[in-house]
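Accompanying notes for the structure given below.
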Amino acid sequence: MADVRFTRFRKAFGSVEVIPELDLHVPDGSFTVLVGPSGCGKSTLLRSIAGLEEASSGAIEIGGEDVTHLDPAERGVAMVFQSYALYPHMTVRENIGFGLKLSGLPKEEIAARVEEAASTLQLTHLLERKPKALSGGQRQRVAIGRAIVRKPRVFLFDEPLSNLDASLRGQMRVELAELHSRLGATMVYVTHDQVEAMTLADQIVVLNGGKIEQVGAPMELYQKPKTPFVAGFIGSPTMNFVEGAPAKALGGAKIGIRPEHIDITQGGGMWTGQLRHVEHLGGETLAYVEVPGIGSMTVKREGDTQWEPGQQVHLTPREGCLHVF
Amino acid sequence: MRRSSLPLVFAGITALGVMLPLMMMVTVSLNPDEQDILISMGSIKSFIPHEFSLKNYADIWLDPQQPFARTMMNTLIITLSTLSLSILFNSMAAFVLAQGTLGLRKPVLLLIVATLAVPAESLVLPQLMMAAWAGLIDTYTVQVLPGIAHAMSIFLFYQFFSRIPKDLIEAARLDGFSFFQVWRYIAMPLSKPVISAVAILQFLEVWNAYLWPVMVTRGPEVRPLTVAMASYFGTNQRIPWGDVMAFSVSMAVPVIIFFLIMQRQFIASVMNSGVKG
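Line by line, the protein sequences are chains Z and S.
All residue numbers for the first sequence refer to the numbering used here, where the first residue is 696 and numbers rise by one.
All residue numbers for the second sequence refer to the numbering used here, where the first residue is 8 and numbers rise by one.
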């Protein structure tokens, strides 16, 4: 296990600067999630740790050792790819153990390590199958197994769940969290899904245009977002923003209010609006309200409600839950 | 006639066009009577076996002047050596061109593909001079060497290797594979269909080669089947059609067996080249 440290790291592809100079520390044993929209540089940052991208300048250290110019295999990292990247012509056993075979480990030790990883990931009964005979979730587990057997200092995950369907994604999320607590290893995880980021991370790094917007624990980012970008990216549904005169009345140039922090009543609220659309999700209900002078606002309520589109409603932001930017 | 049966009729006519010469070859090869062969020539009789004798086969297989087994062995040695070396070197070259990091890969590939436009015949004289200079005339080596570097094989391998997902190569690099090991343990096991395609194409090319072997061989020691067969036509005597056809059948059988072994992979390769963009 080891920490990862970027110092004045910069990455450019030709004349295009993808990641302007940044510093970042991934603590030893943490589950750090790099999150941001497409093209924000999160995958590039992860691939740089792996050594699949070279730094244009600056340094990367793993466990205090400068690995900036080391080959991927010499860095002591293992990576799980979005596409699983399993060797199609090898069985699950060979897929997991082949890297160890190349490194010259004795056969008995390879077999033992493969068995151990397979039992950790409940793959023992699939060891002789080829990847094409596995489901998406099983393939992802094999990819994780291939990473585990190498006993890496750092695990890297590049959007590993995005090819899975919603229910399997939820299940794998839990398995990954359990794996992290069992191994206690440093894990760096890239995703554009803020639910994955919130549920898995000890530390979230929000990236935008190659720059770090904010680093912090999930609830810290939710409760105290430093920028409107972070406020808008973390939390579902997205935060509402109020600007201009209504914002000034609340004490700022731009005010953010989370959908779950707005009270909705039939009369006597701060703003009056018309219900444009209602989404009944079972456990909760989302109301989209058009407020003159502000625009569309989303309101979230626990349980089911009797709201009807077209209805006039009054909205009041809860005191102490405003985010002033 | 139903519209759907039309392609079947065309396929039947095409198949007949391909099969007729083969039927004639087999029919004549089984007929021991040279007179009868000449009389039947041009009639339906030359396509339908009516004699079943292996005399012609015995003639050519046991001919002391021209040892058939020896020439067959020569052809096999030359073909299989060329094929294995060609697959080894051309796949390596293609892998570097497709997945390597060296500059100038595209221009080099273009140059290699451009050589496809150069007629092989125009290269024969300089090659002959080089072979003579190197003292390789009348050897297996001289018949194998020019066939090893093969532009079409490189191109076919290149097309396949450049479609191997980037993630797979990167996963292998993280697993500690060297560039050579990625080729050996990932790229080659995955490219069975291309190996079959390249093997079939080049097998036919080398098996049927005539111009180059006839220029660089002197005696029967290293001479391949094609050159041996030509000797039947070299004199002013009457052509022994029965022997010629028995020789042709004997020469064609290994090719057919080889194709049957490789056909499934070959067809997969041809289909893939159309489906996967």
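Ideal Cβ placement from N, Cα and C applies to all residues, glycine included.
Predicted, not measured: the structure shown is a model, and the values here were computed from it.
Query: Option in ARG271(S), ILE171(S), ILE246(S) and VAL201(S) with minimal Cα separation from ILE94(S); Result: VAL201(S)
Query: Spatially closest choice to ALA235(S) from PHE254(S), ARG245(S) and GLN244(S), by CA coordinates; Result: PHE254(S)
Query: Per DSSP, the bridge partner or partners of ALA940(Z); Result: Bridge partners of ALA940(Z): none, in fact.
Query: Residue ranges of each alpha helix (DSSP H) within the segment 953-1000 of chain Z, 4 or longer; Result: none
Query: Per-residue burial, LYS737(Z) [other beta carbons within 10 Å of its own, 16 or more giving buried]; Result: buried
Query: Contact the segment 741-754 of chain Z vs the segment 807-820 of chain Z: 3+ CB pairs below 8 angstroms; Result: no
Query: Exposure label - ASP958(Z); buried when at least 16 CB within 10 Å; Result: exposed
Query: Where GLU756(Z) falls: helix, strand or coil (DSSP); Result: strand
Query: Check whether ARG834(Z) and LEU795(Z) have beta carbons under 9 angstroms apart; Result: no
Query: Cβ distance (whole Å) where PRO847(Z) is taken to contact ALA773(Z) below 8 angstroms; Result: 4 angstroms
Query: Where VAL282(S) falls, given that 16 or more other Cβ within 10 Å makes a residue buried; Result: For VAL282(S), the pLDDT reaches just 40, beneath the cut-off of 50, and the residue's location in the model is therefore unreliable, although a value from the coordinates is still provided. Exposed.
Query: DSSP state of THR727(Z) mapped onto helix, strand, coil; Result: strand
Query: Residues, ordered as in the chain, of the segment 176-197 of chain S that lie near chain Z by beta-carbon distance below 8 angstroms; Result: GLU177, ALA178, ALA179, ARG180, LEU181, ASP182, GLY183, PHE184, GLN188, TYR192, ILE193, PRO196 and LEU197
Query: Integer-rounded CB distance, given that PRO715(Z) should sit under 8 angstroms from LYS906(Z); Result: 6 angstroms
Query: Beta carbon proximity, ALA807(Z) to chain S, threshold 9 angstroms; Result: no
Query: Beta carbon proximity, GLY281(S) to chain Z, threshold 9 angstroms; Result: Note that GLY281(S) has pLDDT 42, beneath the 50 cutoff, so the model's placement of it is unreliable and the number below is only indicative. It does not: the Cβ of GLY281(S) has no partner Cβ on chain Z nearer than 9 angstroms.
Query: Candidates PRO923(Z), ASN903(Z), GLY927(Z) and ILE899(Z): closest to GLU915(Z) by CA position; Result: ILE899(Z)
Query: LEU197(S) versus PRO783(Z): straight-line alpha-carbon distance, rounded; Result: 8 angstroms
Query: Beta strand (DSSP E) runs wholly inside the segment 156-184 of chain S, at least 3 long, in chain order; Result: none
Query: Neighbour-count burial assignment, ARG845(Z), 16 or more Cβ in a 10 Å radius; Result: buried
Query: Cβ-Cβ distance between THR922(Z) and GLU908(Z) below 9 angstroms; Result: yes
Query: Assigned secondary structure, TYR917(Z) (DSSP; H/G/I helix, E/B strand, else coil); Result: helix
Query: Cross-chain neighbours of HIS784(Z) in chain S, by beta carbon under 7 angstroms; Result: PRO196 and LEU197
Query: Collapsed DSSP secondary structure at THR763(Z) in the structure displayed; Result: coil
Query: Beta-carbon neighbours of PRO172(S), restricted to chain Z and to distances below 8 angstroms; Result: SER778 and ALA780
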